[in-house]
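Before any comments, here is the structure.
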Amino acid sequence: MSQSLPVATADRAGLVACEHCGTLSPRHSGPMTCPRCGAVLHRRKPDSLNRTWALLVAAMILYLPANLLPVMVTTSLFHKTHDTIISGVVYFWNTGSVGLAVLIFSFSILIPMLKMGALGFLVISVRHGSARTRRQRMVLFRIVEFVGRWSMLDVFVVALMAGLVRFHSLAMVEAGPAAAAFGAVVVLTMLASFSFDSRLIWDNDEKCDER
Amino acid sequence: MTEELSACPECDALYRKRRLNRGETARCPRCGARLYGRARLGPDQMLGLVTGALLTFIIANAYPIVVMQVQGVSNSATLSGSILTLWSEGRRLMAVLVFATTQLFPLLDLVAMTALLSVAVRTRRGGVRRPGWFAPLLRFLQSMRPWGMTEVFMLGVLVALVKLSNMAHVLPGVALWAFGALTIMLAAILSFDLRSLWDEAES
């Protein structure tokens, strides 16, 4: 294919694609709505990078209490234990459920951290990244979008345990404050990845379109 | 003229649209995104699957997921019961979060799908015009879809089972199997490209 010719995009053709039904409409100034489904049209998601940053920073802040405070409080006959996410992982590891320990460690600690790092990197690289890595960045973004929801795992485990283990004097499980904080981290990072417009990765670099 | 064109939703590259057969997907050669597709199942077949999923959803929520026995005392937990427990213990935010992702959004998704698919089936048979609520409901469904998390919850149930089996005697309840079946049905339902409903309801 030709090296220097820019790829035809809807934007360069003066068109705006509807996020919901995909219909293309001619772009004009002022507010636009899709003639087919009535959705509000935007050339790119409004204020994409700033919103992604704001949600990401909020998620990073909540990530601290989510890991430092207890997610689960277990009361049994003789003692009361406060479990954080990491102590839950250690518990599984020590009792021989190595597979589960790895699973929870990945979903609750590794993935949220990598996800926030990856989103931060994607936002920064919209302005400073090289055009040669666009495809790789796109793959990274898709992984972030796909993997995000799975971090809710620990929240569901705690919710179920708290609903089930209610043997008043013998054993009680209660949800700790970290569980809600952790859920909020998941929701905020999901919102952050939804407000990130991946088309920004591909804009502004006609000069280096190798394909 | 713009009806023959399609823009990649993820990188904005512009393509001429092609007619697809059932089960085919068009992908963007530049970024690899899915451009548009035509579902393997038609709207009428999909409607059957969605109805089945709705019934399964009711069973999954009406019966206990796990029954646990400690020294002769047994206790069972339904999903709603667990959510109410969280609420009454003051973990309100968490209760709302679990309620929304495991009950509200999956249920809304199935109900909306039922309504939209029946419109699509009827318009295909001819004569009927699309009702006014069709477009807003479809847009609503498209934006809330990512928030239903039945499959994640299913894995959470399994992890909780393993965790509890170390402490006490646990028996899987009816709802556990229902949730398993629902997860599989939802996987098929969620793979249905909602964008194709815009076309189905028009042609």
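Chain order of the listed sequences is A and B. Numbered continuously in the numbering used here, the first sequence closes out at residue 211. Numbered continuously in the numbering used here, the second sequence closes out at residue 1203. Beta carbons: idealized from backbone N, C-alpha and C, even for Gly.
Phe196/A places its beta carbon less than 8 Å from that of Leu119/A. Ala1115/B is the residue among Ile1059/B, Ala1115/B, Ile1065/B and Val1067/B whose C-alpha sits nearest the C-alpha of Gly1048/B. If you look at Ser25/A, you'll find it isn't in any alpha helix (DSSP H); it sits in the beta strand (DSSP E) that goes Leu24 to Pro26. With a minimum length of 4 residues, the unbroken runs of alpha helix (DSSP H) contained wholly in the segment 1106 to 1194 of chain B fall at 1134 to 1144, 1150 to 1165 and 1174 to 1190. Using a C-beta cut-off of 8 Å, the segment 1077 to 1089 of chain B makes contact with the segment 1053 to 1068 of chain B, since at least three inter-stretch Cβ pairs fall below that distance.
When 8 Å is used as the limit between beta carbons, Pro1043/B is near no residue of chain A, the shortest such separation being about 16 Å. At least one beta carbon of chain A lies nearer than 8 Å to the beta carbon of Gln1142/B. Where Val90/A is concerned, the enclosing alpha helix (DSSP H) starts and stops at Ile85 to Asn94. The criterion of a C-beta distance shorter than 8 Å is not satisfied by Leu41/A and Val73/A. Here the segment 30 to 39 of chain A lies against the segment 1130 to 1150 of chain B, with 3 or more beta-carbon pairs under 8 Å apart. Exclusion of the five residues before and after Phe1153/B leaves Thr1102 as the residues of its chain whose Cβ lies within less than 6 Å of its Cβ. Counting the other CB atoms within 10 Å of its CB gives Asn50/A a total below 16, which places it among the exposed residues. DSSP lists Ala1026/B as the bridge partner or partners of Tyr1036/B. Annotation: the segment 58 to 143 of chain A contains the following complete segments of the beta strand (DSSP E) (minimum length 3 residues), in chain order: 72 to 76 and 80 to 83. In the DSSP assignment, Val1067/B falls within the beta strand (DSSP E) that extends over Val1066 to Val1070.
If you compare the alpha carbons of Gly1037/B, Thr1085/B, Leu1190/B and Arg1129/B with that of Ala175/A, the shortest gap goes to Thr1085/B. At a cut-off of 8 Å between C-beta atoms, Glu1024/B does not count as an interface residue with respect to chain A.
Boundaries of the alpha helix (DSSP H) around Ser1082/B: Leu1079 to Ser1088. Assignment of Arg1016/B by DSSP, reduced to helix, strand and coil, places it in the strand class. Look at Leu1005/B here: in three-state DSSP terms it is strand. The bridge partners DSSP lists for Glu174/A are Val73/A. For Ala17/A, the uninterrupted beta strand (DSSP E) segment begins and ends at Leu15 to Ala17. DSSP places Pro1043/B inside the alpha helix (DSSP H), whose first and last residues are Pro1043 to Ala1062. Our two residues, Ala180/A and Leu1097/B, have alpha carbons roughly 8 Å apart in a direct line.
Val1170/B places its beta carbon 8 Å or farther from that of Ser97/A. Under a 10 Å Cβ-count criterion, His168/A is classified as exposed, with fewer than 16 other Cβ atoms of the shown protein chains found around its own Cβ. If the five residues before and after Leu1110/B are omitted, its C-beta is found closer than 8 Å to the C-beta atoms of Val1050, Ala1053, Leu1054, Phe1057 and Ile1189, all from its own chain and listed in chain order.
Cβ-Cβ separation between Leu160/A and Val1157/B: approximately 6 Å, consistent with a contact (criterion under 8 Å). Within 8 Å of the CB of Asp1012/B, the CB atoms of chain A belong to Thr9, Ala10, Asp11, Ala17, Arg199, Trp202 and Asp203, in sequence order along the chain.
Phe78/A sits exposed, since fewer than 16 C-beta atoms from the chains shown fall within 10 Å of its C-beta. Annotation for Gly163/A: the continuous alpha helix (DSSP H) segment containing it runs Leu153 to Leu164. For the segment 147 to 174 of chain A, the set of residues with a beta-carbon nearer than 9 Å to any beta-carbon of chain B comprises Gly148, Arg149, Trp150, Ser151, Met152, Leu153, Asp154, Val155, Phe156, Val157, Val158, Ala159, Leu160, Met161, Ala162, Gly163, Leu164, Val165, Arg166, Phe167, Leu170, Ala171 and Glu174, in chain order. Each residue's CA atom was taken as its position, placing Leu1176/B and Leu1186/B some 15 Å apart. The Cβ atoms of Phe105/A and Ser151/A do not sit closer than 8 Å to each other.
Using a C-beta cut-off of 8 Å, the segment 1031 to 1043 of chain B makes contact with the segment 1002 to 1019 of chain B, since at least three inter-stretch Cβ pairs fall below that distance.
For the segment 35 to 47 of chain A, residues whose beta-carbon sits nearer than 9 Å to a beta-carbon of chain B comprise Arg36, Cys37, Gly38, Ala39 and Arg44.
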